[in-house]
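Just so you know, this note's numbering puts 548 at position 85 of the sequence shown, and the rest follows in order with no gaps. Beta carbons: idealized from backbone N, C-alpha and C, even for Gly. Accompanying notes for the structure given below.
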Amino acid sequence: VGLVYLIAALAGNSSTLTWKLGRSLFHTLVYGQGAILTAIALVYASFSITEERSRRTFDSLFTSTLSPLQIVVGKSLSLILTIGVLLISTLPISALSFFYGNLSIGELVRVHFYLLIYMSGLVGIGIWISAVYNRTFAAVGMSIFLVITIMIATAILGGTLGGVERFLNVFMGIYHIVSAADLKFVD
């Protein structure tokens, strides 16, 4: 935080630099928060059912009146609420970006809501892997591997589709230029 104030003081009254500083501070905080919470969500979710097995309390869960769906929903909601509390606790730090401008409250709330949705998906993946594997570290490793694979596949697919989209935009631009020129071809 002190480094941010130092950079802002050196910037002086330059509104463009202050605007860029606020934006980059916000992006840095969100990406860092997302990376840390991704690791927390995956590890805790992967531990949820495998730890019950290793402590030999898993059988007592099934002898209770809870259905398997209620057990999974209870574990999921407890993890999601914990992550929600962690997200809410980072709001004051993220609000530092307001001092540098060009950030709305809606943007801040929207980003934190999307992070909560993303973390809910990670919790689902972690609990699913935890139910499949018997060993805790195998479940953690596999859930991390699966999420990294999904991220890489999404980046590749997004880059490929983005390339196709850019190609189609260029093609459509050429088509609009040609049609606007109203060229007539002679047979």
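Buried or exposed by the 16-neighbour rule on C-beta atoms within 10 Å, applied to residue i
i: A606; result: Position check: residue 606 holds Ser in this sequence, whereas Ala was assumed. By the neighbour-count rule (16 or more Cβ atoms within 10 Å), S606 is buried.
i: F489; result: buried
i: I534; result: buried
i: F500; result: According to the sequence as given, residue 500 is Leu; it is not Phe. Buried: at least 16 other Cβ atoms inside 10 Å.
i: H540; result: Checking the sequence, you will find Leu at residue 540 rather than His. Classification for L540: exposed.
i: F576; result: exposed
i: L484; result: buried
i: S517; result: exposed
i: D650; result: For D650, the pLDDT reaches just 42, beneath the cut-off of 50, and the residue's location in the model is therefore unreliable, leaving the point undetermined.
i: A508; result: buried
i: V572; result: exposed
i: Y494; result: exposed
Sequence-distant residues of its chain with Cβ nearer than 8 Å to residue i (five each side left out)
i: A504; result: L542, I546, M582, L585, V586 and G589
i: V610; result: T501, L505, L585 and I588
Proximity to residue i [Cα-Cα], best of the options
i: E514; options: S530, L484 and V603; result: V603
i: S487; options: L620, F600 and L566; result: L566
i: I551; options: R516, L579, R598 and Y494; result: L579
i: A452; options: S560, P531, V493 and L492; result: No information on residue 452 is available, as it lies outside the stretch 464 to 650 that the chain covers here.
i: G537; options: S511, M614 and I592; result: S511
Residue range of the unbroken alpha helix (DSSP H) whose run includes residue i
i: F521; result: F521 to T526
i: L544; result: P531 to S552
i: R573; result: I568 to V595
Chain-order list of residues whose beta-carbon lies under 6 Å from that of residue i (same chain, five-residue window excluded)
i: Q496; result: T553
i: M614; result: none
i: S560; result: G485, L488, F489 and L566
Cβ-based neighbour list, residue i, same chain, cut-off 7 Å, excluding 5 preceding and 5 following
i: A601; result: none
Answer yes if the segment 518-534 comes into contact with the segment 550-563, meaning at least three C-beta pairs across the two stretches below 8 Å, and no otherwise.
no
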